[in-house]
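Chemist: One structure follows; several queries about it will come next.
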Amino acid sequence: LMKSARPVEDPYPVKVTELSEPMDVEENTAVLMDNNKSNGVCTNKVDSKKQDEEEDDDDDYKAEGTLRLQIPEFSQVKGQVLSEPIYVRGLPWKIMAIPRELGRNQRSLGYFLQCNSDSDCPSWSCYASATLRLKSQKEGIDDCEKTISHVFYPKENDWGYSCFLRWEEVVDPDRGYIKDDTIVLEVHLVADAPHGVQWDSKKHTGYIGLKNQGATCYMNSLLQTLFFTNKLRKAVYQISTEQDDPHKSVALAMQRVFYELQFSDKPVGTKKLTRSFGWDAFDSFLQHDVQELCRVLLDNLESKMKDTPVNGVIPQLFEGKMKSYVRCKKVPFESNREEAFYDIQLNVKGKANIYESFKDYVAVETLEGDNKYDAGDYGLQEATKGVVFIKFPPVLHLQLMRVQYDPLNDQNLKINDRFEFPEKLDLDEFLESKESTPAKYTLHAVLVHSGDFHGGHYVVYINPKGNGRWCKFDDDVVSRCSKSEAIEQNYGGNDSESAHRHCTNAYMLAYIRDSVMDEILCSVNEVDIPVQLRARLQRERDVEALRKKEKSEAHLFCTVSVLSDDDFEGHQGPDLINVEQADRVSRKFRVRRTMIFSDVYAFMAREYQLTPLVQFRLWPISNSNNGGGLRPTTVPNLDGLTQIDRLSTGSELEIALYMEVYDYLHGELELPSYRHSDDVLLFLKYYDPVSQTLIYCGHMIVSIDISLTDMIPEMCARVNLPPDTEIDIYEEDKYGDLEILDKAAESVQKACSDFVDGLILVYQSVDLLKAQRGFKLAEVRSYYTELQNRIELELIDKQLDCVDNLLIPASYEWTYVDMATVVGRRIGYDPFKIQFSRSSVYKDSNGLTVRFSLTSKLKDILNTSPRNRVRRYRFYFQRMPLRIDELELRFQVRIQYMDMKLRVEEMIVYPSKYGTVQDLLNEVSAGIQFSEGSSKRLRLLQINSCRIVCTVQPDMVLEQMGFNHVVRVEEIPPDQVVVDPKSEFLLPVAHFYKDCYQTFGTPFYLKVKNGEPFGSVKQRIQRMLEVSDKEFEKFKFALCTVSRTTYFENENFIINLTDFTASHFSATAKPWLGLDHVNKLAKGRGMHTLEKAIVIHN
60 LMKSARPVED PYPVKVTELS EPMDVEENTA VLMDNNKSNG VCTNKVDSKK
110 QDEEEDDDDD YKAEGTLRLQ IPEFSQVKGQ VLSEPIYVRG LPWKIMAIPR
160 ELGRNQRSLG YFLQCNSDSD CPSWSCYASA TLRLKSQKEG IDDCEKTISH
210 VFYPKENDWG YSCFLRWEEV VDPDRGYIKD DTIVLEVHLV ADAPHGVQWD
260 SKKHTGYIGL KNQGATCYMN SLLQTLFFTN KLRKAVYQIS TEQDDPHKSV
310 ALAMQRVFYE LQFSDKPVGT KKLTRSFGWD AFDSFLQHDV QELCRVLLDN
360 LESKMKDTPV NGVIPQLFEG KMKSYVRCKK VPFESNREEA FYDIQLNVKG
410 KANIYESFKD YVAVETLEGD NKYDAGDYGL QEATKGVVFI KFPPVLHLQL
460 MRVQYDPLND QNLKINDRFE FPEKLDLDEF LESKESTPAK YTLHAVLVHS
510 GDFHGGHYVV YINPKGNGRW CKFDDDVVSR CSKSEAIEQN YGGNDSESAH
560 RHCTNAYMLA YIRDSVMDEI LCSVNEVDIP VQLRARLQRE RDVEALRKKE
610 KSEAHLFCTV SVLSDDDFEG HQGPDLINVE QADRVSRKFR VRRTMIFSDV
660 YAFMAREYQL TPLVQFRLWP ISNSNNGGGL RPTTVPNLDG LTQIDRLSTG
710 SELEIALYME VYDYLHGELE LPSYRHSDDV LLFLKYYDPV SQTLIYCGHM
760 IVSIDISLTD MIPEMCARVN LPPDTEIDIY EEDKYGDLEI LDKAAESVQK
810 ACSDFVDGLI LVYQSVDLLK AQRGFKLAEV RSYYTELQNR IELELIDKQL
860 DCVDNLLIPA SYEWTYVDMA TVVGRRIGYD PFKIQFSRSS VYKDSNGLTV
910 RFSLTSKLKD ILNTSPRNRV RRYRFYFQRM PLRIDELELR FQVRIQYMDM
960 KLRVEEMIVY PSKYGTVQDL LNEVSAGIQF SEGSSKRLRL LQINSCRIVC
1010 TVQPDMVLEQ MGFNHVVRVE EIPPDQVVVD PKSEFLLPVA HFYKDCYQTF
1060 GTPFYLKVKN GEPFGSVKQR IQRMLEVSDK EFEKFKFALC TVSRTTYFEN
1110 ENFIINLTDF TASHFSATAK PWLGLDHVNK LAKGRGMHTL EKAIVIHN
């Protein structure tokens, strides 16, 4: 079924703005093409209008087109009718008409535009607007037409009206839409370039786009604007970057982007550029202001151009000058100041066009009355204040101020009002005096924002050659567009027929001065790029092309790591080597994964110049189950025809091989023989209890029937022990545990529990064991246990971010005290005053505090076991003023401290859990320096929502007080130490704007006296806040309670304490004096949580 796009009971055709949103055709609509054939449907298509001559040769990719569908025998149509497709922007478009049943024997004509309906691509999209017409076939009657705007994509690939017109109206001859039982449908559509389909921007426009990293459309729009400022591009190429760090140089990254935009055929990435800014991946998903980036980026490039041949190019291009002045009316005094500008910010709100905004910018303000100007020796004088332009730059950037702070809702809002800007701009009338050339400009770029203040999308329309032929740059898609699309359709306003267009409007404009147009848009050829820069960038392109090729072919190859006996030397721990060490010391080869094992032998023979199976043998290496250890073994059914990728156990296709090499050092000429059914490959490790180290003793190939006793002489010889030395022999299993072997066993096969190739035997001298008896690690099994407990601790100082982290080797068996002692020794601080906290599981920051304990071991604190694969753990630490065990008996309270000048800072204090408020005040008193003239007395207040809740009595027990509100300790002003309850009152004062619930700032107490003029109170408040007369005049004063705000209409009254202390006020409704004024610090609030200032760190 299909959903109706407007109410059934409305029988008359109306414009779409009077309808609800057009609806999509649902997927389960039946397609009855056979009916159409039986009805003799005839379709025609009409060529679209050509935008310009350049599109004639590329008709399928034109921006607009007209479809026509003629339906004969219309009254007999039962099912869906489709027109022949036409191609616009490379996509097929069709008219779809279908009779609709409305119920109660009522029918309507469903009329839709369909796009790319036969495509299997899941991610394409295309924005288009269209006019759907039912053509009139009778003189004097207009066509019935409605408009649509929609983003077409796979799930909504058709859009239109389920009830375009009632059936009886269509078939009524008097209405003029049908003739000879035939109707004619016509659609004119205009489409943007599509996304997610094959679109060759270079072919269609001659230019290419930039890839979006996530939310970098604002940056892409600006980069394209700067790129087509050709004189700037030529200057950027001339910056010397030969010695620059390729990862941190902003200038080199800009050269790279410009070079790729000029010579590449595919969209250009900007990750290297943002990386040179010092941004991480998260920064690429932050929304930013394009004008802010323009200023920061031009400043950075200007600094890079100093002391180079292009020094000063940026101010030459973008810098203008203006003069701000104050001119007295009645005395000969004038103050003025010249200042440079790189852009001009123009008000949009309440302005119709650019000229009105410029007139507002230079409007003269009169300073009179209480706002007179202080003219020095002439005193306060009436004056005029304003701005005049001295010089406009060759390239003029205008920012349209479409963001405005709404103090009522405490948020920034985007202004979508209509604001017109011309293609040709004459600014002579705004100059103080005429320049040598007229200040006439041609529009070069329109940066457009769609969305609201918190987010949206940027595109840029550019007139690259200044000849009126415009292109739209939408990230990686570039397309031709009309002048109307670039200019008029981006004025903004609510009169657009498209909801999409309502929030789409120009945000920044770039104009180029006519007199220097040819100079600014000069041609930039390859010869304008320094030879060394061209060579460097070409090398980078070649390397990148090779990397992409390898990446695209990665699935065809695997990595083979080759290890030998030399690589096992020095390894301390289970197995022969761990994964990290193997990755570091192995020799790696990239081979095709289809290579068979016999070819691997031939390949290695060439690489090592050895004879296969005579001088070397290859053994696959498996990853043991104890987590990270490697040992050679055999693979069942492995033969010369087996493909190498069969040896891979993971998805990475990384294969490790052990190369057994003949013992040439001892005169051997070839390998010992090996028969899989009769022999076994053994590896030997010897433990020296004196040095507490494992010594790798090589490998042996022995018969499976040999006894351990027969092997002992060879094992002793490998560590220079007498052949009759008594030794204990252990089997090391795949978990890294040791099991002592019975040397009296009949054979090594029967002695070992896990008898396979790659078996590891560990042995030690019994005599040395006895000599070291009593030492902690005398026996090899104790040493293995110690190895399993070894970990590394990374400790991060919470208070000093710039200090390098501490890396400390530790053990699971360490106690809390052991860790604290080592850290205390490293940082030179009392170990019992160091507080530790674990790293958070969910984010890279400190988590729960570790409780102090004399007996807890690290394995208990970490809640893990020695078999865990993790061997490095992160802790945070901070220096505390008290012992940690004492802290458990104290509160850790974060308080605000306010001095006599209402300056607030945060402090952390540690009062006893059993103490009083006075104890807390005493602790604060010991850690501060009192203001000059202070009473040196403190009080504690509870603050909630920037209002004073109460003053807490000094004898209150802290456990009873609770800390649900903000706690503030403040100096008591000398005049408030003694308050006469009969004639004086401490009045709470707080700031708010319009609504007394919207409080902000720092509340404070003010002592008022009975019978005191309120004017005197205002003067004291002004002195306390250090506010200028002009600003203080805007303050309003009100008596506020929970339920009422009463403004003082006549502020020339006498204080009556009963107004503030009347008994009818409840405990929770005590009155306070409200200062109603704009919160100037609030503009940072209301901003999107992911927004922050743009910073280029390099």
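So that you can map any letter, position 441 of the sequence shown is 500 in the numbering used here, and since no number is skipped, the others follow by simple counting. Every residue gets a Cβ at the ideal spot worked out from N, C-alpha and C, and that includes glycine. Computed from a predicted structure; not experimentally measured.
#1: For the segment 1020-1031 and the segment 949-957, state whether three or more C-beta atom pairs, one from each stretch, are separated by less than 8 Å.
#2: Given a threshold of 16 other Cβ atoms within 10 Å of its Cβ, counted over all protein chains shown, does Asn-522 qualify as buried or as exposed?
#3: If you draw a straight line from the alpha carbon of Ile-373 to that of Arg-651, how long is it in whole angstroms?
#4: Do you know how far the Cα of Ala-661 is from the Cα of Ser-623?
#5: One question on the structure: do Phe-936 and Asp-856 come within less than 8 Å of each other, judged by their Cβ atoms?
#6: Just reading off the alpha helix (DSSP H) that Glu-351 is part of, what are its end residues?
#7: Which residues bound the alpha helix (DSSP H) around Arg-882?
#8: From Asn-1138 to Gln-1081, what does the alpha carbon distance come to, in whole angstroms?
#9: Whose CA, out of Tyr-745, Asp-826, Asn-1069 and Pro-781, lies closest to the CA of Lys-842?
#10: If you draw a straight line from the alpha carbon of Val-369 to that of Phe-286, how long is it in whole angstroms?
#11: Can the beta-carbon of Arg-211 be found closer than 8 Å to that of Leu-191?
#12: Residue ranges of each beta strand (DSSP E) run of no fewer than 3 residues wholly in the segment 757-781, ordered along the chain?
#13: By a C-beta neighbour count over all protein chains shown, 10 Å radius and 16 as the cutoff for buried, is Glu-1158 buried or exposed?
#14: What do you get for Asp-1161, buried or exposed, if any count of 16 or more other CB atoms within 10 angstroms of its CB means buried?
#15: Suppose contacts are defined by Cβ-Cβ distances below 8 Å. Is Cys-203 in contact with Tyr-236 by that definition?
#16: So, for Cys-562: in the same chain, excluding its five sequence neighbours on each side, which residues have a beta-carbon less than 8 Å away from its beta-carbon?
#17: Helix, strand or coil, according to DSSP, for Phe-1112 in the structure here?
#18: DSSP three-state call for Glu-965: helix, strand or coil?
#19: Our contact map puts Thr-125 next to Val-246 with C-beta atoms below 8 Å; I'd like the distance itself, whole angstroms only.
#20: Among Glu-965, Glu-964, Tyr-932 and Asp-978, whose alpha-carbon lies nearest the alpha-carbon of Arg-949?
#21: When DSSP labels each residue in this structure, what does Pro-671 get in the three-state scheme?
#22: Roughly how many angstroms lie between the CA atoms of Ile-1033 and His-1136, to the nearest whole one?
#23: Quick check: the Cα distance between Lys-205 and Phe-532, rounded to an integer number of angstroms?
#24: Using a Cβ distance threshold of 8 Å, determine whether the segment 986-994 contacts the segment 1002-1018, with at least three qualifying pairs required.
#25: What did DSSP end up calling Pro-253 once you bin it into helix, strand or coil?
#26: Just to confirm before moving on: does the CB-CB distance between Val-749 and Leu-797 stay below 8 Å?
#27: Between Val-1067, Gly-255 and Asp-240, which lies nearest to Cys-185 when the distance is taken from Cα to Cα?
#28: What does the Cβ neighbour count give for Asn-1003, buried or exposed, with the cut at 16 atoms within 10 Å?
#29: In angstroms, rounded to a whole number, what distance separates the CA positions of Tyr-871 and Thr-844?
#30: My understanding is that Pro-1062 touches Ala-1049, with C-beta atoms under 8 Å, so please give their C-beta distance in whole angstroms.
#31: Might you give, ordered along the chain, the residues of its own chain that have their beta carbon closer than 7 Å to the beta carbon of Lys-408, omitting 5 neighbours on each side?
#32: With DSSP collapsed to three states, give me the class of Thr-923.
#33: With DSSP run on the structure shown, which of helix, strand or coil describes Ser-308?
#34: In the structure shown, what three-state DSSP assignment does Thr-264 receive?
#35: Would you kindly work out how many angstroms separate the C-alpha atoms of Lys-389 and Cys-353, rounded to a whole number?
#36: Under 6 Å Cβ to Cβ from Ser-176, same chain only, skipping five residues before and after it: list those, please.
Modeler: Let me lay it out:
#1: Contact between the segment 1020-1031 and the segment 949-957 is present, because at least three Cβ pairs lie under 8 Å.
#2: Buried.
#3: Straight-line Cα distance between these residues: approximately 53 Å.
#4: When rounded, the distance between both Cα atoms is 18 Å.
#5: Yes; because the gap between Cβ atoms is below 8 Å, this pair is in contact.
#6: 349-363 is the extent of the alpha helix (DSSP H) around Glu-351.
#7: First, the amino acid is wrong: residue 882 is Val here, not Arg. Unbroken alpha helix (DSSP H) run through Val-882: 875-886.
#8: Taking the straight line from one Cα to the other gives about 16 Å.
#9: Contrary to the premise, residue 842 reads as Tyr rather than Lys in this sequence. Considering only alpha carbons, the answer is Tyr-745.
#10: Straight-line Cα distance between these residues: approximately 16 Å.
#11: Here residue 211 is Phe; the residue named in the question, Arg, does not match the sequence. No.
#12: Whole beta strand (DSSP E) segments, 3+ residues: zero.
#13: Any question about residue 1158 goes unanswered here, given that the chain covers just 60 to 1157.
#14: No answer is possible for residue 1161: it lies beyond the span of the chain, which begins at 60 and ends at 1157.
#15: A distance below 8 Å separates the beta carbons of Cys-203 and Tyr-236.
#16: If the five residues before and after Cys-562 are omitted, its C-beta is found closer than 8 Å to the C-beta atoms of Lys-473, Asn-475, Ser-509, Gly-510, Asp-511 and Gly-515, all from its own chain and listed in chain order.
#17: Taken through DSSP and simplified to helix, strand or coil, Phe-1112 comes out as coil.
#18: Correct three-state label for Glu-965: strand.
#19: With 8 Å as the limit, Thr-125 and Val-246 qualify as a contact, their Cβ atoms being about 7 Å apart.
#20: The residue with the shortest Cα to Cα distance from Arg-949 is Asp-978.
#21: In the three-state DSSP reduction, Pro-671 falls in the strand class (E or B).
#22: It is worth fixing the name first, because residue 1033 is Pro in this sequence and not Ile. Our two residues, Pro-1033 and His-1136, have alpha carbons roughly 28 Å apart in a direct line.
#23: Straight-line Cα distance between these residues: approximately 29 Å.
#24: Fewer than three beta-carbon pairs drawn from the segment 986-994 and the segment 1002-1018 are found closer than 8 Å, and the two stretches are therefore not classed as touching.
#25: Pro-253 sits in coil when the DSSP states are folded into three classes, being neither helix nor strand.
#26: Judged by beta-carbon spacing, Leu-797 lies beyond the 8 Å limit of Val-749, meaning their Cβ atoms are not closer than that value.
#27: Nearest C-alpha to Cys-185: Gly-255.
#28: Under the 10 Å beta carbon count, Asn-1003 is surrounded by fewer than 16 other beta carbons and is classified as exposed.
#29: Straight-line measurement puts the Cα of Thr-844 at about 11 Å from the Cα of Tyr-871.
#30: The C-beta distance from Pro-1062 to Ala-1049 rounds to 4 Å, short enough to meet the 8 Å contact threshold.
#31: Excluding sequence neighbours, Lys-408 sits near Gln-463, Ile-474 and Asp-476.
#32: DSSP places Thr-923 outside both helix and strand once states are collapsed to three, so it counts as coil.
#33: Looking at Ser-308 - three-state DSSP - the assignment turns out to be coil, as it is neither helix nor strand.
#34: Thr-264: helix per DSSP, three-state reduction.
#35: Straight-line Cα distance between these residues: approximately 43 Å.
#36: Counting only residues of its own chain and dropping the five nearest sequence neighbours on each side, Ser-176 has a CB closer than 6 Å to the CB of Asn-216.
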